[in-house]
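Everything below concerns the one structure shown next.
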Amino acid sequence: MLSAALPFESYLVEIEPSRPTDGPVSSVLVIYTGGTVGMVFNKKGELTPMNFGQIQKKMPELRQLNMRVSVLSLPQLIDSSNVTATDWLTLAALIQQHYHDYTGFVVLHGTDTMAYTAAALSFLLESLGKTVVLTGAQVPVGRIRTDARRNLITALEIAVARHPRAGTVRVPEVCIFFNDQLIRGNRARKVESQKFNAFRSENYPPLAEAGIDVEFNDRHIRMLPSAPLRTHQLLADEVVLLKLFPGISERVVRAMLEVDGLRGGVLETYGAGNAPTAPWFLRCLREARDRGVQLLNVSQCEEGRVVQGTYETSAHLTELGIIGGEDITPEAAITKLMFVLGLNRPARETARLLTQDLRGEITLF
Ligand code: ASP
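Under the working numbering, think of the first position of the sequence shown as 23, with each following residue one higher.
Take a look at the structure:
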């Protein structure tokens, strides 16, 4: 079980708007974690993470936004392949700590695991009433053709966006803004490593699209009755993600499901949630169930949903206590499992929570 490392404080920059205004000014806390977005060339011509103290030099236009921007860097800037569940807990704790000081939050993050971090934060931040936008870039801010500027500026605008008439928060969700699309964090997948359109919203429409204006898709934005933010501080790491392929051997399945202390697993199955019916496979699943391992069934398909029982090859999964993950992404499934197991509820309650739509991560009919 993992818990948050105590957050540290190191503000690097406070950027004030260049034009003084009469009314209250919105404010955003940017949390810089690393990734391509903040890379610049050093004297030797190598790309290294920029000290965000230089951000005003790189992006003087930030002062033209009508908002105060504070930038806080994690002490160790990381490529997002090195992100851990402890980092998710630290980010959640930082947002909680500064929740009342800012209008909204932007997390600058590497693209490789951004979808996992966004999904994890969506579960950790319960009853979120402010906007948390993750963004990054495919081309470093130190390069002329960077997409960092565009992504960051629009992310900042979205982080403070309000309904024009009601004045309420426009997107009280954890989301990803990238290449002109705002995507619910727990519906996002990284689908492209070379072009600018790195992310896709799976089985759910984008929450907004940026063109000349940012067009919000209000109908699809989650609006909950207002409640105080509740930040969770535990995640279970005794979990496994098991992707099936034709020819997978009993030895491999056993090795994965018999890990000491294992509490849960996501099974990435075929089509509408189908898996082999070979006796050895069913035996592995049954034995895992008997050891108290909770399994969640997710499809390898990018679209559609898991419907256990449509075919004979999935009917047995329900009998074995495996929960159909509906239209959830693998990223959201594994982080949901870590979150739900981290709540340490009895087995029946854990299973019930896994079937529920907790943060808009699944569509139930
Ligand atoms: N490897 C980088 C990262 O995820 C890629 C990126 O930021 O686009 O940190």
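Yeah, the Cβ is synthetic: ideal placement off N, Cα and C, and Gly gets one too. Here the structure is a predicted model, which is why all the values come from computation and not from measurement.
Within 10 angstroms of the Cβ of residue i, are there 16 or more other Cβ atoms? Answer buried if so, exposed if not.
| i | result |
| --- | --- |
| Q98 | exposed |
| N173 | buried |
| S321 | buried |
| D64 | Strictly speaking, residue 64 in this sequence is Asn, with Asp absent from that position. Result: exposed. |
| K66 | exposed |
| E83 | exposed |
| R374 | exposed |
| H131 | buried |
| L28 | Its pLDDT being 47, under 50, L28 is placed unreliably by the model, and nothing is read from it. |
| I166 | exposed |
| K217 | exposed |
| N366 | exposed |
| A142 | buried |
| I243 | buried |
| P228 | buried |
| E290 | buried |
| D169 | buried |
| Q330 | buried |
| A249 | exposed |
| Q378 | exposed |
| T125 | buried |
Would you please state the rounded distance, in angstroms, between the beta carbons of residue i and residue j? I believe it to be under 8 Å.
| i | j | result |
| --- | --- | --- |
| A220 | T133 | 5 Å |
| L317 | A310 | 7 Å |
| T139 | L156 | 6 Å |
| F145 | L380 | 6 Å |
| M81 | S49 | Actually they do not touch by this definition, with Cβ atoms about 17 Å apart. |
| V262 | M278 | 5 Å |
| L204 | I180 | 6 Å |
| V288 | I356 | 5 Å |
| D101 | G57 | 7 Å |
| R222 | R211 | 6 Å |
At the level of alpha carbons, what is the spacing between residue i and residue j?
| i | j | result |
| --- | --- | --- |
| A183 | F127 | 11 Å |
| L96 | V129 | 11 Å |
| T106 | R252 | 21 Å |
| L307 | G364 | 22 Å |
| A115 | T190 | 24 Å |
| T55 | N225 | 28 Å |
| I270 | W302 | 11 Å |
| V35 | S92 | 6 Å |
| L257 | V213 | 26 Å |
| A369 | H120 | 34 Å |
| P162 | T70 | 10 Å |
| E280 | R192 | 46 Å |
| T108 | I198 | 20 Å |
| L284 | L246 | 34 Å |
| G164 | E334 | 55 Å |
| P39 | V47 | 9 Å |
| Q118 | S336 | 41 Å |
| E348 | L178 | 33 Å |
| I53 | L94 | 5 Å |
| K152 | R276 | 44 Å |
| K79 | L376 | 47 Å |
| D123 | L150 | 15 Å |
| G382 | Q255 | 20 Å |
| G45 | V196 | 27 Å |
| A137 | V315 | 25 Å |
| N201 | R187 | 28 Å |
| R327 | N208 | 15 Å |
| D282 | E231 | 46 Å |
| P9 | F361 | Since the first residue of the chain shown is 23 and the last is 387, residue 9 is not available in this structure. |
| G75 | V154 | 22 Å |
| E148 | R171 | 30 Å |
| V62 | M72 | 6 Å |
| R273 | E324 | 28 Å |
| G286 | H185 | 41 Å |
| T332 | A294 | 8 Å |
| S103 | T135 | 6 Å |
| Q86 | T43 | 12 Å |
| I37 | L113 | 21 Å |
For residue i, decide whether its Cβ has a neighbour in chain C, counting only Cβ atoms nearer than 8 Å.
| i | result |
| --- | --- |
| A107 | Included in the structure is just one protein chain, with no chain C present. |
(request) Would you be able to state if there are at least three C-beta pairs under 8 Å between the stretch 262-272 and the stretch 281-298? (result) yes
(message) Under 8 Å, with one C-beta from each stretch per pair, do the stretch 237-254 and the stretch 335-347 reach the 3-pair mark?
(response) no
(request) Only counting runs of 3 or more residues, tell me where the beta strand (DSSP E) segments fall wholly within the stretch 310-353, in order along the chain. (result) 316-321
(request) Within the stretch 125-171, note down every full beta strand (DSSP E) run reaching 3 residues or more, in order along the chain. (result) 126-130 and 153-157
(request) Write down every uninterrupted run of the beta strand (DSSP E) in the stretch 167-232 whose length is 3 residues or greater and which is fully enclosed by it, in chain order. (result) 196-200, 203-206, 210-212, 221-223 and 230-232
(message) Restricting to runs no shorter than 3 residues, where is the beta strand (DSSP E) found entirely within the stretch 80-108?
(response) 89-95
(message) What ranges does the alpha helix (DSSP H) occupy inside the stretch 267-301, keeping only unbroken runs of at least 4 residues that lie completely in it?
(response) 272-279
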